[in-house]
Amino acid sequence: MSQKSSKKDDLIHPLARPFLWLESNWFTSSLVWVFGLLAIGLGAIDFFHHRHEYLEFAQTPGFYALTGFGSFVLAVMGGWFIIRRFLGREENYWDGEAGDE
Numbered sequence: 005m006s007q008k009s010s011k012k013d014d015l016i017h018p019l020a021r022p023f024l025w026l027e028s029n030w031f032t033s034s035l036v037w038v039f040g041l042l043a044i045g046l047g048a049i050d051f052f053h054h055r056h057e058y059l060e061f062a063q064t065p066g067f068y069a070l071t072g073f074g075s076f077v078l079a080v081m082g083g084w085f086i087i088r089r090f091l092g093r094e095e096n097y098w099d100g101e102a103g104d105e
């Protein structure tokens, strides 16, 4: 058992060792909570802060958050459905045509 852990430790670069705490479970879960609470807090501030916008519909609370989220969803779905048709390859695209097997 100690040989497995020593082999695993040998694969870690010495300069990466101080940053191994970034992979811990408590850190990743706390990041989710911190960013989630930050998003909720900033969304709540949007209901109380008055903006002077040029376009009237942009004064709606949460307009920029919803617009940003919608743009992100469109970009991801565009890449998933549309761009995949142009750049995607079949599963066996690299198999058997080279002749050097």
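For the sequence shown, the positions run 5 to 105 when this note's numbering is used. Think of the CB as a built atom: it goes at the ideal place given N, C-alpha and C, for glycine as much as any other residue.
Check	Outcome
Runs of beta strand (DSSP E) wholly within the segment 34-95 (minimum 3 residues, chain order)	none
Secondary structure of D14, DSSP reduced to three states	helix
Distance, G47 Cα to W30 Cα	26 Å
Anticipated Cβ contact below 8 Å, G66 with D50, distance rounded	6 Å
Rounded separation between Y97 and L19 - CA only	39 Å
Chain-order list of residues whose beta-carbon lies under 8 Å from that of F61 (same chain, five-residue window excluded)	F67
DSSP-derived helix/strand/coil call for L19	coil
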